[in-house]
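In what follows, a single structure is set out as structure tokens and then discussed.
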Amino acid sequence: MAWAPLLLTLLTYCSGSFSQFTLTQPPLVSVSIGHTVKLSCAISSGYTFGSVTWFQQKDGNSPRYLLTYNKDSDKHQGSGVPSRFAGSKDTSNTIGYLTITSVQAEDEADYYCAAHASGAAQRYNEVGN
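Each residue of the sequence shown is one higher than the one before, counting from 60 in our numbering.
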């Protein structure tokens with residue numbers, strides 16, 4: 060198989076009246092077809108993820124819900140989303156991950172993270188896009 064780069068664009072910003080934390084993703088990731096890629100979504104200092112949700116958006120289409128990950132025993136895979144898309148978090152609950160194994164050409168898209176987070180004795184829901 061010939062090497063073919065796959066570009067995954069990661070876009071994040073917080074909006075809304077409760078914008079107390081920010082989500083940060085690298086702007087662009089390149090991966091070869093058939094390889095594995097791990098996309099990250101970091102939450103600002105002082106907050107931790109309750110759950111992290113991931114969406115995929117291809118040119119000209121609405122965002123597609125991929126999955127929500129809270130912990131191994133509390134996760135939800137979107138309808139029709141292959142198991143090669145998997146969520147996880149670091150042990151400190153400050154970075155959420157989307158791992159895509161056996162990357163395929165059709166995985167080229169923008170990926171958005173959203174957070175249900177806690178910190179400063181309050182809970183917030185934010186969408187990174």
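C-beta: ideal position from N, C-alpha, C; glycine also.
Check	Outcome
Whole-angstrom distance between Ser91 and Phe108, CA atom to CA atom	30 angstroms
Given 8 angstroms, three or more beta-carbon pairs between the segment 85-99 and the segment 151-162	yes
Whole runs of the beta strand (DSSP E) within the segment 67-131, excluding any shorter than 3 residues	87-91, 96-102, 107-116 and 123-130
Simplified DSSP state of Asp166, which is helix, strand or coil	helix
N- and C-terminal bounds of the beta strand (DSSP E) containing Thr158	Ile154 to Ile159
Whole-angstrom C-beta distance between Thr112 and Ala164, which should lie under 8 angstroms	About 25 angstroms separates the two Cβ atoms, so there is no contact after all.
Under 9 angstroms between C-beta atoms of Asp133 and Ser110	yes
Between the CA atoms of Arg123 and Thr150 - distance to the nearest angstrom	27 angstroms
Rounded distance between the beta-carbons of Gln116 and Gly169, thought under 8 angstroms	Reading the sequence as shown, one finds Asp at residue 169 and not Gly. Contact holds; Cβ gap of about 5 angstroms.
Candidates Asn120, Ser177 and Pro86: closest to Asn129 by CA position	Ser177
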